[in-house]
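What follows is a set of notes on a single structure, which appears directly below.
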Amino acid sequence: MTHPHPAPATPRTTDPATLYADLVPHLEPPARAWLDRALEEAAAQPGVHGPLAVWELRLAEAGRRCGHAHADTARVLILHAARADTEALGRVYSQGTAAERRAVLHSLPLLVDGPGALPLVEDALRTNDTRLVAAAVGPYAARHLPAHPWRHAVLKCLFTGVPVAGIADLEHRAHGDAELARMLGDHAAERTAAGRSVPADLNRVLALTDPTATPPARPADHGPHGTEGTEGKES
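The opening position of the sequence shown corresponds to residue 4 in the numbering used here, with each subsequent residue numbered one higher.
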């Protein structure tokens with residue numbers, strides 16, 4: 004299936020200043036002026052105000068104003084400038100387009116400290132929209148999604164063809180996970196019995212579960228307010 008617009012670039016950092024600095028060189032002057040104005044409006048009207056805040060309208064405009072390839076990042080910056088809380092994020096997610104839902108998921112590491120936004124992640128993982136699934140397995144899920152649903156999220160990526168390279172903290176969370184190894188083995192056996200090929204990504208994740216391998220070095224993991232993120236792995 005072809006798309007009428009370039010695929011959106013996935014925000015690759017949870018630092019707003021870096022996001023902005025990486026984005027603006029790709030914007031034409033009118034788009035940059037629109038974004039700066041939208042960020043100012045969002046900062047002036049943060050949180051939840053009335054049935055529909057001005058910044059929520061700007062989320063809907065981002066694709067047209069900044070180009071669909073850059074709209075995800077623009078929307079994340081607007082959500083951050085608005086200091087959208089869990090209630091506002093839930094409203095945008097439930098009422099928004101798939102693109103706006105994706106931006107909410109990308110914004111969670113910036114805006115939500117605890118597990119309160121996990122229902123949004125869980126909803127995205129129930130869909131067959133691969134872009135939503137890919138956005139759902141970012142740093143927020145790595146920090147807060149419990150072990151059992153996290154394992155199923157890994158399998159969902161394999162089922163739908165979402166590259167596992169995009170699963171945040173995969174190497175650390177998969178290391179020594181015997182239950183994940185069992186689930187992957189079962190899935191591989193089912194595909195083989197059905198005469199279907201086993202995805203290369205499955206073997207890659209299976210190798211990561213090896214408890215005898217050297218544990219991977221874990222990168223610094225900071226929450227939205229600069230504090231250490233919580234550990235989501237459990238037995």
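Backbone N, C-alpha and C define an ideal beta-carbon position, used for all residues, glycine too.
Closest Cα partner of residue i within the set the options
i: Ala77; options: Ala56, Ser97, Ala120, Ala45; result: Ala45
i: Pro118; options: Asp75, Ala102, Tyr143; result: Tyr143
i: Leu112; options: Ala216, Thr212, Pro14; result: Checking the sequence shown, residue 112 turns out to be Pro, not Leu. That would be Pro14, whose Cα lies nearest to the Cα of Pro112.
i: Asp126; options: Ala101, Arg146, Val115, Asp116; result: Ala101
i: Pro122; options: Gly141, Glu103, Gly93; result: Gly93
i: Leu22; options: Leu82, Trp58, Leu183; result: Leu82
i: Arg146; options: Ala168, Arg176, Asn131, Val167; result: Arg176
i: Glu59; options: Leu26, Ala91, Ala196, Leu114; result: Ala91
Proximity of residue i and residue j at Cβ, strictly below 9 Å
i: Gly179; j: Pro218; result: yes
i: Leu38; j: Leu80; result: yes
i: Thr163; j: Thr133; result: yes
i: Val165; j: Val208; result: no
i: Gly70; j: Ala24; result: no
i: Leu128; j: Pro152; result: yes
Close beta carbons around residue i, own chain, < 7 Å, minus the five adjacent residues each side
i: Ala36; result: none
i: Pro49; result: Ala85, Arg86
i: Asn131; result: Thr163
Contacting residues, own chain, Cβ-Cβ under 6 Å from residue i (five flanking each side not counted)
i: Val140; result: Ala156, Ile170
i: Arg61; result: Ala41, Ile81
i: Met4; result: Caution is warranted here: a pLDDT of 35 is assigned to Met4, below 50, making its placement in the model unreliable, and the coordinate value is therefore given only provisionally. Within the same chain, Met4 has no close Cβ partners at all.
i: Ala56; result: Gln48
Contact set for residue i: own chain, Cβ-Cβ below 8 Å, skip 5 residues either direction
i: Val167; result: Val157, Cys160, Leu161, Leu173, Asp204, Arg207, Val208
i: Arg154; result: Asp180, Glu182, Leu183, Met186
Could you tell me which whole beta strand (DSSP E) segments of length 3 or greater appear in the segment 50 to 130? none
What runs of the alpha helix (DSSP H), each 4 residues or longer, lie entirely inside the segment 177 to 209? 181 to 196
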